[in-house]
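FYI, full-length UniProt numbering numbers position 16 of the sequence shown as 16, with every residue one higher than the one before it.
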Amino acid sequence: MSGYDETHWKAAKNVLRYLKGTLDMGITYSTGGNMRLVGYTDSDYAGDKLSRKSTTGTAIFLNDGIVSWTSQKQPCVALSSTEAEYIALASGAREAVWLRSLLDELDFPQDEPTKIL
């Protein structure tokens, strides 16, 4: 294990302490209820000071439990905050379409449109 020093050891111990302290936390998935997908998207505007690219965040829930999430830099420079939000919305919609298709294959078809907020 060459290249590791005391700083790395302390960081590893901090991670283990965090994991030990959060054993009772987690994502909750309930049974029954409505099996509807709901998506949330957001973006900043030109948050990267060097490239001026915005960041997109997406979270998609099924039956109130998160099933997909992402945060990524947008592929192009948005010219307005509205454009950055539309790019984020398109990313969330693309993921929702894929998840709807997957749920259909698993015999959980979505009867209503997926809301993306």
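Note that CB positions come from ideal geometry on N, CA and C, so glycine has one too.
Just so you know, these numbers come straight off a predicted model, no measurement behind them.
Out of the options, state which residue places its alpha-carbon closest to the alpha-carbon of residue i.
i	options	result
D111	L23, W9, V38, Y4	V38
L62	E83, V15, E85, G33	G33
S68	V77, T58, C76	T58
D107	M35, G21, K49	M35
V77	K49, A93, K20	K49
DSSP puts residue i in a beta bridge; with which residues?
i	result
S68	I60
V38	F61, K115
K73	T55
S43	T56
Kindly give me the distance between the Cβ atoms of residue i and residue j, rounded to whole angstroms, as I take these residues to be in contact under 8 Å.
i	j	result
Y45	S91	No, Y45 and S91 are not in contact; Cβ-Cβ is about 15 Å, not under 8 Å.
T114	I87	The Cβ separation is near 18 Å, so there is no contact.
T41	L89	5 Å
D84	S54	Residue identity differs from the one stated: residue 84 is Ala in this sequence, not Asp. Confirmed, Cβ separation roughly 4 Å.
P109	L103	7 Å
S101	D64	Between D64 and S101 the Cβ distance is about 21 Å, and since that is not below 8 Å, they are no contact.
Buried or exposed: residue i, going by 16 or more other Cβ atoms within 10 Å of its Cβ?
i	result
E95	buried
S43	buried
Q74	buried
I66	exposed
A11	exposed
I60	buried
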